[in-house]
Amino acid sequence: MKGEPDSPWPAKDVLEFAPVETSMRIPVSQSAFSSLNLHPDLLKNLASLGYEQMTPIQAQSLPAVIAGQDVIAQAKTGSGKTAAFGLGLLHRLNVKRFRVQALVMCPTRELADQVAKEIRKLGRGIHNIKVLTLCGGMPFGPQIGSLEHGAHIIVGTPGRLEEHLRKQTLRLDDLNTLVLDEADRMLEMGFEESIDAVLERAPTDRQTLLFSATYPEAIESIATKVTQSPLRVTVEAQHQTSTIRQHFFKIENKQRYTATKLLLLQHKPESSVVFCSTKRETQEVADQLVAEGFSAVALHGDLEQKARDQVLVRFANKSAAILVATDVAARGLDVEDLDAVINYHITRDAEVHVHRIGRTGRGGKKGIACTLYTDSESFKVAQIEEYLDIKVKPESLPPFNYLDKPPLKAKMATIQIDGGKKQKVRAGDLLGALTGENGVAGRQVGKIALFDNCAYVAVERDVAKVALRKISEGKIKGRSFRVRRLKG
Ligand code: AMP
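Under our numbering, the letters of the sequence shown match residues -5 to 482, in that order.
Below you can see the structure in the form of structure tokens.
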């Protein structure tokens, strides 16, 4: 596949996750579907669809998928991942046996519909194949009816699948293959418990395929739990060369706030962290940004647990654009792709500097790190220069007319629900209460965070009103919970 001149997929480095449990390298030349030991009907259909060459993720995973091995693959939408597992399911399928043989779990209804459509397309060559979607936010009754008629392949969202299994309207006794698609997004949306509940009811003697666009720690732990001797595949280089652009600005002490604002308004980062050295200044900078209409939050050691949770949730779910923080408070921050880091105060430790700016520019994205320093702090710049072996050239601040630009707003808004794990509220319940008739679309819902007695759901800012109305009018778990939109 690599170097294929007319391939739409860029040739990328193929790396495996560490630790590699099973190693299996596919020679580059074996990238035609015809090289696979696939059912002839499937091959014929692929040719009629115009699929000739495998995409990198397919070339890496399909031989193992077809051989029945568990696979953990890091792949994004658009990489051809649906066919990477879809062809495996179809290859193993015994159409004459009218039982559920494969189950695909997806985070949203939109994705489930898309996956089901692609599987039907890939399976066109197989007579009488039945692919059924079971998603939350859809009426339950008709799904029971469809299940009574039987299906070979089920594609659905975790909450609804769990419900069908509990009510025994769905049984997995004949399941051969289980797929977790966009596993990272499912976890983000709080579906872990539902996924566990589904797994408990699936036969252990099965093939498990896990696909995820990102690979945070939470995925590793679920991956180890659900798979056995998996082949690990990724088509994206894990460690990209640094894409952080560093800028240094020599300023007067009293210019710090204005300089920070100018940089924010010039670069317009969707997510950024402003590092301050004291708790007091952290709070003051955040307060002033908020007073001027910016979507900002402060994180420092004086916050109570609940306030801290809210700040972290709002920043991670993108309903706060700017996080003003001290180094200590930001230590546990589990946010990856920051667009910018601004050092309101330069740190005295070059290693801390590297740690701060390393939070941006991940995964090949461009990141910017802006550092403010005064004349008396020049020695700290010299330390950084030495540590990183760079030569710093201080730049001029952006022109002052940037101050006339509108303040930065977050993409999302957070809705707080006064019910959580203890009230048995699940992510699927919240998603169901938000979507459906007169509600919002699944893709407009962001991260869902569940705590013991409350939950936070991110929705796109433009639909926050609709979402709030829908969720406050409807019931969750048959009850009405107090809901409100968090300010900011
Ligand atoms: P996915 O990443 O599964 O969403 O797939 C992205 C798109 O690529 C879908 O529209 C597929 O129909 C298409 N596709 C997947 N594999 C191939 C292939 N080997 N050759 C041509 N098109 C493909």
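We treat Cβ as the ideally placed atom computed from N, Cα and C, and that holds for glycine.
DSSP three-state assignment for residue i, whether helix, strand or coil
{"i": "Ala106", "result": "helix"}
{"i": "Gln54", "result": "helix"}
{"i": "Leu332", "result": "strand"}
{"i": "Met99", "result": "strand"}
{"i": "Leu257", "result": "helix"}
{"i": "Gly150", "result": "strand"}
{"i": "Val279", "result": "helix"}
{"i": "Gln438", "result": "helix"}
{"i": "Gln222", "result": "coil"}
{"i": "Arg479", "result": "strand"}
{"i": "Tyr338", "result": "coil"}
{"i": "Gln63", "result": "coil"}
{"i": "Ala314", "result": "coil"}
{"i": "Val348", "result": "helix"}
{"i": "Ala363", "result": "strand"}
{"i": "Gln232", "result": "Bear in mind that a pLDDT of 35 at Gln232, under 50, signals an unreliable position, so the model cannot answer this."}
{"i": "Val125", "result": "strand"}
{"i": "Asp167", "result": "coil"}
{"i": "Leu81", "result": "helix"}
{"i": "Gly470", "result": "Checking the displayed sequence, the identity of residue 470 turns out to be Ile instead of Gly. If DSSP states are grouped into helix, strand and coil, Ile470 belongs with the strands."}
{"i": "Val451", "result": "strand"}
Where the beta strand (DSSP E) containing residue i begins and where it ends
{"i": "Val291", "result": "Ala290 to Leu293"}
{"i": "Phe269", "result": "Ser266 to Phe269"}
{"i": "Gln410", "result": "Met406 to Ile411"}
{"i": "Val322", "result": "That residue, Val322, is in no beta strand (DSSP E); its alpha helix (DSSP H) goes Asp321 to Ala324."}
{"i": "Thr228", "result": "Leu225 to Thr228"}
{"i": "Phe205", "result": "Gln201 to Ser206"}
{"i": "Tyr381", "result": "Segment Ser372 to Leu382 is the alpha helix (DSSP H) holding Tyr381; no beta strand (DSSP E) there."}
{"i": "Val419", "result": "First-last for Val419: undefined, no H or E at that position."}
{"i": "Val173", "result": "Thr171 to Leu174"}
Nearest-angstrom Cα separation, counted from residue j out to residue i
{"i": "Ala323", "j": "Glu187", "result": "29 Å"}
{"i": "Lys415", "j": "Phe445", "result": "6 Å"}
{"i": "Lys471", "j": "Arg154", "result": "13 Å"}
{"i": "Ala452", "j": "Ala301", "result": "17 Å"}
{"i": "Arg226", "j": "Gln438", "result": "31 Å"}
{"i": "Ile245", "j": "Ala292", "result": "23 Å"}
{"i": "Thr208", "j": "Thr71", "result": "11 Å"}
{"i": "Asp175", "j": "Gln108", "result": "12 Å"}
{"i": "Asp450", "j": "Phe288", "result": "The identity of residue 450 in the sequence shown is Tyr, whereas the question assumes Asp. Taking the straight line from one Cα to the other gives about 21 Å."}
{"i": "Glu345", "j": "Leu382", "result": "9 Å"}
{"i": "Arg473", "j": "His158", "result": "21 Å"}
{"i": "Ala290", "j": "Val318", "result": "7 Å"}
{"i": "Phe92", "j": "Asp168", "result": "10 Å"}
{"i": "Gln54", "j": "Lys312", "result": "34 Å"}
{"i": "Gly501", "j": "Arg325", "result": "Here the chain comprises residues numbered -5 to 482, so residue 501 is not present and cannot be evaluated."}
{"i": "Arg86", "j": "Ile123", "result": "13 Å"}
{"i": "Phe11", "j": "Thr49", "result": "A caution first: Phe11 carries a pLDDT of 24, below 50, which makes its placement in the model unreliable, though a value can still be read off. Cα to Cα, the separation comes out at about 19 Å."}
{"i": "Val329", "j": "Gly80", "result": "32 Å"}
{"i": "Arg350", "j": "Val335", "result": "7 Å"}
{"i": "Ser390", "j": "Asp281", "result": "26 Å"}
{"i": "Val457", "j": "Ala106", "result": "23 Å"}
{"i": "Cys364", "j": "Val307", "result": "25 Å"}
Per-residue burial, residue i [other beta carbons within 10 Å of its own, 16 or more giving buried]
{"i": "Asn395", "result": "exposed"}
{"i": "Gln137", "result": "buried"}
{"i": "Arg353", "result": "buried"}
{"i": "Val432", "result": "A quick correction: the sequence has Asn, not Val, at residue 432. Exposed, by the Cβ-count rule."}
{"i": "Asp64", "result": "buried"}
{"i": "Asn39", "result": "buried"}
{"i": "Phe373", "result": "exposed"}
{"i": "Arg165", "result": "exposed"}
{"i": "Glu211", "result": "exposed"}
{"i": "Ala285", "result": "exposed"}
{"i": "Gln222", "result": "exposed"}
{"i": "Leu428", "result": "buried"}
{"i": "Lys441", "result": "buried"}
{"i": "Lys75", "result": "buried"}
{"i": "Glu467", "result": "exposed"}
{"i": "Ser28", "result": "exposed"}
{"i": "Ala61", "result": "exposed"}
{"i": "Lys481", "result": "exposed"}
Residue i - containing alpha helix (DSSP H), residue span
{"i": "Val457", "result": "Element bounds for Val457: n/a, residue is neither H nor E."}
{"i": "Leu306", "result": "Gln299 to Ala310"}
{"i": "His241", "result": "His241 -> not in any alpha helix (DSSP H); beta strand (DSSP E) instead, spanning Ile238 to Lys244."}
{"i": "Leu36", "result": "Pro34 to Leu43"}
Presumed contact (8 Å Cβ cut-off) between residue i and residue j, rounded CB distance
{"i": "Thr276", "j": "Thr320", "result": "5 Å"}
{"i": "Gly413", "j": "Thr237", "result": "Contact flag wrong, Cβ pair sits at about 42 Å."}
{"i": "Glu371", "j": "Met406", "result": "That belief does not hold up - the Cβ atoms of Glu371 and Met406 are roughly 36 Å apart, past 8 Å."}
{"i": "Leu204", "j": "Ile66", "result": "5 Å"}
{"i": "Arg239", "j": "Ile362", "result": "5 Å"}
{"i": "Tyr338", "j": "Val268", "result": "5 Å"}
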